[in-house]
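K.L.:
I'd like to ask you about the structure that follows.
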Amino acid sequence: MNKKIIFYLLGWIMNMEAIFKLLPCAVAVIYRESSGIWFLAVMAVCGSAGLFLTRRKPDNMVFFAKEGFVSVALSWIVLSFFGSLPFYLSREIPRFEDAMFEVISGFTTTGASILPDVESLSHCMLIWRSFTHWIGGMGVLVFILAVLPLAGGYNMYLMKAESPGPSVGKLVPKVKSTAKILYGIYFFMTVVEILLLLAGGMPLFDSLATGFGTAGTGGFGIKNSSIAYYDSYYLQGVITVFMILFGINFNVYYLFLVHHPKDALRCEEARVYLGIIGVTVLLITLNIRGSFTSLFAAFHHAAFQVASIITTTGFSTVDFDKWPEFSKGLLVVLMFIGACAGSTGGGIKVSRVIILLKTVKKELFSLLHPRSVKVLKIEGKPVEHQVIRSINTFLVAYLVIFIFSTILVSLDNFDFTTNFTAVAATFNNIGPGLGAVGPTGNFSGFSALSKWVMMFDMLAGRLEVFPMLFLFAPSTWKK
């Protein structure tokens, strides 16, 4: 294993995190908050360590899948550790495991919180909390690939390990150019949403925090009542639309950008994703109609919550834990499906669900017609056996981790609904679940063990399971 390149990448992660902390420092100055001093202190330590590790470029810049997976997993752990220190050192979150839980939830765009009173945090802590969503949404290593020349074609291993979905391809021949395109689209969409929120009368600070949370499909609210605080159909409607947009594969936007709209519209995953949203919104609207004063109000809140859950954002406008069981059941299903591959959303991903269903259909057809040869296709292109094998392996690992996590969390003696949806909400990077961890609840009641289990789940869910598992494989560390 090329350990020097791993430490070199970790150094750049620390350097970038030190730069990212300039935003909460600026907010602390504007609002005259003394807690901003902790961001400066962590910046100094983080930046110094980063400069030390990057002072010399390794002679051997070549790395492969092993180094890519390990670099990504360790990078997110280091990122989370330094990101949690301002919360912990300022005592605004006095327990270290709670500070780590909150910031891992932020970087992995989960949005699960241990805070019973979000509004008690200072402005600089609130903006950092929301900004972690934006940083983690597209991936910090993807950002580094966009601004730094690393190792030629080998850095594709970093993008594959960090980007959500069953497969990642290059939009253009150079990985660096691909990373720039992805972040360019990401930044542009974020700015457009912030401007639209400002146009609707939302304050600048709130617009920035909400825009960061929506773009990263994270869901940290800066008000205790989340988006319900902004009692405006316009503002909630803008957030609904952008949650759905950020859940679409960014390759679709690239195709529109290069004037290939026909290719973009042929994206099967995006069409299925939008179809699932449309059908689910209709079913939930009809089911909750009696809980609202008008059909439009029911449709509005159904659309918001469906968009929030399937994109794994986690914002809320109502307490959907009080909805009928049918609607809650549909939302739990959406927790597992998730958004599109190549988006900022979490979950299993729509593309995986499509391939798994087509695989079942293919196997049933083969049982009825043993001599037939049927090729599994997506958008008219055959799916390689390696892709199907990796999806099956992912699903097995996913189920094992999910079951084991649920058993461990059950030691806290919460009811089954709370335990099951708490793991589902953290592993799928959603945020709120049902029961004690519903839209009006939080994760503070869990023990330290359960919180560490769910922290692992959040990181494993965001990094598609395997990078985190690589850290525990003895063969990873052998020469």
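Residue numbers for the sequence shown follow the working numbering, so the first one is 273 and each next one is one higher.
From the three backbone atoms N, C-alpha and C, an ideal C-beta is built for every residue, glycine too.
Since we're looking at a predicted model, the values are computed, not measured.
Indicate whether A570 and I560 have their beta-carbon atoms separated by less than 8 Å.
P.N.:
On the sequence shown, residue 570 is found 298 positions in, with the first residue counted as 1. On the sequence shown, residue 560 is found 288 positions in, with the first residue counted as 1. Between A570 and I560, the C-beta gap is smaller than 8 Å, which places the two residues in contact.
K.L.:
Which value, in whole angstroms, describes the spacing of the CA atoms of K442 and Y526?
P.N.:
Locating residue 442 in the sequence shown gives position 170, where the first residue counts as 1. Locating residue 526 in the sequence shown gives position 254, where the first residue counts as 1. Only weak support exists for where K442 lies, its pLDDT of 47 falling under 50; the coordinates are left without a value.
K.L.:
Alpha carbon to alpha carbon, how far is D591 from T693?
P.N.:
Walking along the sequence shown from the start, residue 591 turns up at place 319. Walking along the sequence shown from the start, residue 693 turns up at place 421. When rounded, the distance between both Cα atoms is 15 Å.
K.L.:
Report the residue from F336, F492, V553 and I386 whose alpha carbon sits nearest the alpha carbon of F373.
P.N.:
Along the sequence shown, one-based indexing puts residue 373 at 101. Selected option, being the one with the closest Cα: I386.
K.L.:
Once you ignore the five residues that flank P388 on each side, which residues in its own chain have a CB closer than 7 Å to its CB?
P.N.:
Here residue 388 refers to the residue found at position 116 of the sequence shown. Same-chain partners within the cutoff: N714 and S716.
K.L.:
What's the C-alpha gap between I627 and I660?
P.N.:
Stepping through the sequence shown from its first residue, residue 627 is reached at position 355. Stepping through the sequence shown from its first residue, residue 660 is reached at position 388. CA-CA distance, I627 to I660, rounds to 7 Å.
K.L.:
First and last residue of the alpha helix (DSSP H) that includes S662?
P.N.:
In the sequence shown, the residue the question calls residue 662 occupies position 390. Taken as a continuous stretch (DSSP letters only), the alpha helix (DSSP H) holding S662 covers H657 to V681.
K.L.:
In terms of alpha-carbon separation, which member of V350, H531, K534 and P596 lies closest to G562?
P.N.:
Residue 562 sits at position 290 when you count from the first residue of the sequence shown. If we check each option's Cα against that of G562, P596 comes out closest.
K.L.:
Count Cβ pairs between the stretch 399–409 and the stretch 375–385 that sit closer than 8 Å; are there 3 or more?
P.N.:
yes
K.L.:
Taking C-beta to C-beta, are I516 and T583 nearer than 8 Å?
P.N.:
Position 244 of the sequence shown, counted from the start, is the residue given in the question as residue 516. Position 311 of the sequence shown, counted from the start, is the residue given in the question as residue 583. Yes.
K.L.:
Just to confirm the assignment: which complete alpha helix (DSSP H) runs, minimum length 4, are found wholly within the stretch 475–530?
P.N.:
The qualifying runs are 476–487, 505–518 and 522–529.
K.L.:
Expressed to the nearest angstrom, what Euclidean distance is found between the alpha-carbon atoms of G547 and F484?
P.N.:
Translated into the one-based positions of the sequence shown, residue 547 becomes position 275. Translated into the one-based positions of the sequence shown, residue 484 becomes position 212. Cα-Cα distance, rounded: 26 Å.
K.L.:
Starting from W724, trace the alpha helix (DSSP H) in both directions and tell me its first and last residue.
P.N.:
The residue you call residue 724 lines up with position 452 of the sequence shown. Counting along the chain, the alpha helix (DSSP H) containing W724 begins and ends at A720 to R734.
K.L.:
Just list the residues that DSSP pairs P654 with in beta bridges.
P.N.:
Taking the sequence shown and counting its residues from 1, one reaches residue 654 at position 382. Its beta-bridge partners are K649.
K.L.:
Give the straight-line distance between the Cα atoms of V440 and M727, rounded to the nearest whole angstrom.
P.N.:
Reading the sequence shown from its first residue, position 168 is the one you call residue 440. Reading the sequence shown from its first residue, position 455 is the one you call residue 727. Confidence is the limiting factor: at V440 the pLDDT is only 44, short of 50, which leaves the residue's position unreliable and the question unanswerable from this model.
K.L.:
Less than 8 Å separating the beta-carbons of M740 and A345?
P.N.:
Within the sequence shown, the letter at position 468 stands for residue 740. Within the sequence shown, the letter at position 73 stands for residue 345. Yes; because the gap between Cβ atoms is below 8 Å, this pair is in contact.
K.L.:
Can you tell me where the alpha helix (DSSP H) holding L346 begins and where it ends?
P.N.:
Working through the sequence shown from its first residue, we reach residue 346 at position 74. Residues A337 to L361.
K.L.:
Check E364 in the structure and name its three-state DSSP category.
P.N.:
For the purposes of this step, residue 364 is taken as residue 92 along the sequence shown, with counting starting at 1. When DSSP states are grouped into helix, strand and coil, E364 belongs to the coil group.
K.L.:
Whose C-beta lies closer than 8 Å to the C-beta of L683 among residues of the same chain, with five residues either side of it excluded?
P.N.:
For this step, residue 683 is matched to residue 411 along the sequence shown. Result list for L683: S719, L721 and S722, in chain order.
K.L.:
In whole angstroms, give me the CA-to-CA distance for W348 and I650.
P.N.:
The count along the sequence shown starts at 1 and reaches residue 348 at position 76. The count along the sequence shown starts at 1 and reaches residue 650 at position 378. Going by the C-alpha atoms only, they are around 32 Å apart.
K.L.:
Could you tell me the distance, in whole angstroms, from the CA atom of K452 to the CA atom of M288?
P.N.:
Taking the first residue of the sequence shown as 1, we reach residue 452 at position 180. Taking the first residue of the sequence shown as 1, we reach residue 288 at position 16. Roughly 16 Å between the two C-alpha positions.
K.L.:
Mapping DSSP to helix, strand and coil, what is S588?
P.N.:
As a working note, residue 588 is residue 316 in the sequence shown. Three-state result, S588: coil.
K.L.:
Can you tell which of H657, K293, G456 and S677 has the C-alpha that lies nearest to the C-alpha of S307?
P.N.:
Taking the first residue of the sequence shown as 1, we reach residue 307 at position 35. With distances taken between Cα atoms, S307 lies closest to K293.
K.L.:
Does the Cβ of A663 have 16 or more other Cβ atoms within 10 Å, making it buried, or fewer, making it exposed?
P.N.:
Within the sequence shown, residue 663 is the residue found at index 391, counting from 1. Contrary to the premise, residue 663 reads as Ile rather than Ala in this sequence. I663 should be labelled buried.
K.L.:
Tell me which residues share the same chain as E540 and place their Cβ nearer than 8 Å to its Cβ, disregarding the 5 neighbours each side in the sequence.
P.N.:
In the sequence shown, the residue the question calls residue 540 occupies position 268. The answer, listed in chain order, is I626, I650 and E651.
K.L.:
Going by the CB atoms, is the gap between T489 and G409 shorter than 8 Å?
P.N.:
Counting from 1 along the sequence shown, the entry for residue 409 is found at position 137. Counting from 1 along the sequence shown, the entry for residue 489 is found at position 217. Taking 8 Å as the Cβ cut-off, G409 and T489 qualify as a contacting pair.
K.L.:
If N700 sits next to G618, beta carbons under 8 Å apart, how far is it from one beta carbon to the other, in whole angstroms?
P.N.:
Translated into positions along the sequence shown, residue 700 becomes position 428. Translated into positions along the sequence shown, residue 618 becomes position 346. Correct: roughly 5 Å between the Cβ atoms.
K.L.:
Under 8 Å between the Cβ atoms of L507 and M474?
P.N.:
Mapped onto the sequence shown, residue 507 falls at position 235. Mapped onto the sequence shown, residue 474 falls at position 202. Yes. Within cutoff.
K.L.:
Between which two residues does the alpha helix (DSSP H) holding G283 run?
P.N.:
Here residue 283 is taken as the residue at index 11 of the sequence shown, counted from 1. Note, G283: alpha helix (DSSP H), K275 to F292.
K.L.:
Please report how far the alpha carbon of T512 lies from the alpha carbon of A745, in whole angstroms.
P.N.:
Taking the sequence shown and counting its residues from 1, the one referred to as residue 512 is at position 240. Taking the sequence shown and counting its residues from 1, the one referred to as residue 745 is at position 473. So the alpha carbons of these two residues sit roughly 41 Å apart.
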